[in-house]
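See structure below.
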Amino acid sequence: MPPKSRSNKTKPPKPPLEISEEEQWRLINESGVLKSGLLKPVDSPADEESSLAEEIFSASLLIIPCSFLLLLMQILIYNQYGQVVNVKTVVDRLIEGVPTSRHKRNPRIQLLLFLMGSAAGSRMLFLIKQGGYLSNMRQVGASSVAVCPPLVTLWVYTVIQLDLGFAVLNLIMVGAFCWWKQLDLFN
2 MPPKSRSNKT KPPKPPLEIS EEEQWRLINE SGVLKSGLLK PVDSPADEES
52 SLAEEIFSAS LLIIPCSFLL LLMQILIYNQ YGQVVNVKTV VDRLIEGVPT
102 SRHKRNPRIQ LLLFLMGSAA GSRMLFLIKQ GGYLSNMRQV GASSVAVCPP
152 LVTLWVYTVI QLDLGFAVLN LIMVGAFCWW KQLDLFN
């Protein structure tokens with residue numbers, strides 16, 4: 002028995018119901034959709050200002066300790082050489098070394114920070130253990146700036162910026178380098 006066929010008569014679609022904008026807002030407010038958090042409001046200029054303030058705050062939390070660490074290491078190296086520390090030299094050095102954390106979540110940046118941290122930590126510990134006090138004082142970079150203060154600051158900065166897994170792996174890599182080179186760090 003053949004299936005019953007429907008008639009090809011279809012009703013034309015109804016035109017959409019026109020609701021005024023005020024009525025739409027009244028319905029949205031009464032439904033509580035905005036208050037429940039299901040819909041996120043559009044960013045306003047106040048939100049942009051608060052995110053800017055948060056970014057400035059997080060940058061200052063990073064800049065202040067790292068800058069003071071670099072400043073301390075720079076002053077110590079000047080004292081090791083028996084030179085007088087002047088404000089202009091220290092300020093010029095601090096301006097060059099201002100850290101940032103804007104692209105911290107990028108995986109490529111995390112890999113780059115990991116490689117930089119591993120190299121800086123390994124090189125610094127190698128210089129300290131193998132070079133001896135006098136050679137560490139004499140070893141300077143291309144700009145006549147001592148090498149160890151920037152290496153310490155770079156290593157601390159990269160460990161702070163790395164995610165926890167990469168930071169632990171960085172410390173393991175530096176420890177493995179010290180074991181491979183037989184650097185006894187505790188003597």
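Here the working numbering is used: the first residue of the sequence shown is 2, the next is one more, and so on.
Positions of the beta carbon are idealized from the N, C-alpha and C atoms, including for glycine.
Reference residue i; option with closest CA among the options
i              : options                       : result
lysine 130     : Leu73, Lys182, Phe167, Arg94  : Lys182
proline 150    : Gly166, Trp26, Gln75          : Gln75
leucine 165    : Leu186, Leu112, Ser52, Leu128 : Leu112
methionine 125 : Tyr82, Gly83, Val175          : Val175
Residue i - DSSP class collapsed to helix/strand/coil
i                 : result
arginine 106      : coil
glutamine 25      : helix
lysine 182        : coil
phenylalanine 187 : coil
glutamine 84      : coil
aspartate 93      : helix
alanine 20        : It should be pointed out that residue 20 corresponds to isoleucine in this sequence rather than to alanine. The answer is coil: DSSP assigns isoleucine 20 none of H, G, I, E or B.
Residues near residue i in its chain [Cβ-Cβ closer than 8 angstroms; skip 5 each side]
i           : result
leucine 170 : Phe115
Close Cβ partners of residue i (< 6 angstroms) along its chain, the five nearest in sequence each way excluded
i         : result
serine 68 : Leu95
serine 32 : none
Length of the line joining the Cα atoms of residue i and residue j
i             : j          : result
methionine 85 : leucine 70 : Just to set this straight, residue 85 is valine in the shown sequence, not methionine. Rounded to whole angstroms, valine 85 to leucine 70 spans 19 angstroms at the Cα level.
serine 21     : valine 160 : 57 angstroms
asparagine 80 : lysine 89  : 16 angstroms
arginine 27   : leucine 18 : 16 angstroms
Neighbourhood of residue i by C-beta, 7 angstroms cutoff - its chain only, sequence neighbours within 5 removed
i             : result
threonine 154 : Cys67, Leu70, Leu71, Met74, Gly98
serine 145    : Because serine 145 sits at a pLDDT of 44, beneath the cut-off of 50, its placement in the model cannot be relied upon, and the following sentence gives the value as read from the coordinates. So no residue of the chain qualifies.
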